[in-house]
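Undergrad: Structure incoming, see below.
In the working numbering, the protein residues as written are 127 to 325.
Put into structure tokens, the structure is as follows:
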């Protein structure tokens with residue numbers, strides 16, 4: 127039996143959001159970095175693509191593979207509904223080769239102000255830059271998680287990340303690591319709405 131789009135999305139978020147870091151957090155890190163890099167490079171509003179490669183234990187890997195199968199088995203109409211629902215929250219994502227691809231739309235106002243998008247995770251952060259590398263420390267209360275994100279800037283429209291997240295799951299603390307890469311795709315976000323609505 128296939129899952130309804132809302133059930134599938136909830137199941138996905140419950141199982142894997144901590145592993146890959148929530149899309150809102152990724153967008154937040156992207157925007158937080160803008161304030162520190164404005165003098166060296168322009169932060170571009172528009173469509174950004176962020177790829178995350180998690181380091182999963184065997185159990186999580188099996189869960190991800192099962193989720194991929196369920197997603198592939200969704201009828202076209204249900205898949206479209208799920209994608210539309212995610213788009214309303216400023217997120218587009220796709221699995222391929224064990225990698226999660228997220229797309230996030232950043233408004234000009236957010237880019238100009240380096241504004242954090244509104245999130246449901248109630249996250250705070252601080253950052254420090256040395257040369258082309260920035261270290262971002264963050265803490266979220268809903269769900270409870272904290273960690274670091276090391277960002278290496280390769281240009282105004284390209285950077286890489288190394289993330290380490292400690293998240294609470296079933297009363298236990300999990301240590302989750304991932305590597306990532308972000309690229310600017312262009313000024314047109316298409317049908318994807320800005321993350322968090324208004325800046």
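Virtual Cβ for every residue (Gly too), placed ideally from N, Cα, C.
Only a predicted model underlies this, so the values are computations on that prediction, with no experimental measurement involved.
1. Which one or two residues does DSSP pair with residue 254 in a beta bridge?
2. Would you say the stretch 279 to 293 touches the stretch 304 to 321, given that touching needs at least three Cβ pairs under 8 Å?
3. Can you tell me the Cα-Cα spacing of residue 281 and residue 172, whole angstroms?
4. Can you tell me which of 314, 319, 316, 300 puts its alpha carbon nearest to the alpha carbon of residue 183?
5. Taking only the alpha-carbon atoms, compute the straight-line gap between residue 290 and residue 211 and give it to the nearest angstrom.
6. Using only the alpha-carbon positions, how far apart do residue 170 and residue 313 sit?
7. In the structure shown, what three-state DSSP assignment does residue 206 receive?
8. Only counting the same chain, and skipping five residues up and downstream in sequence, which positions put a Cβ closer than 8 Å to that of residue 315?
9. What's the gap between the Cα of residue 190 and the Cα of residue 197?
10. For residue 254, collect the residues of the same chain with a Cβ closer than 6 Å to its Cβ; drop the 5 residues on either side in sequence, then sort them by chain order.
11. Do you know offhand how far residue 268's Cα is from residue 297's?
12. Cutting at 6 Å between CB atoms, please list the residues of its own chain near residue 272, excluding the five before and the five after it.
13. Using 9 Å as the threshold, is the C-beta distance between residue 226 and residue 179 below it?
TA: In brief:
1. 261
2. yes
3. 16 Å
4. 300
5. 28 Å
6. 8 Å
7. helix
8. 172, 173, 231
9. 10 Å
10. 261
11. 14 Å
12. 265, 292
13. yes
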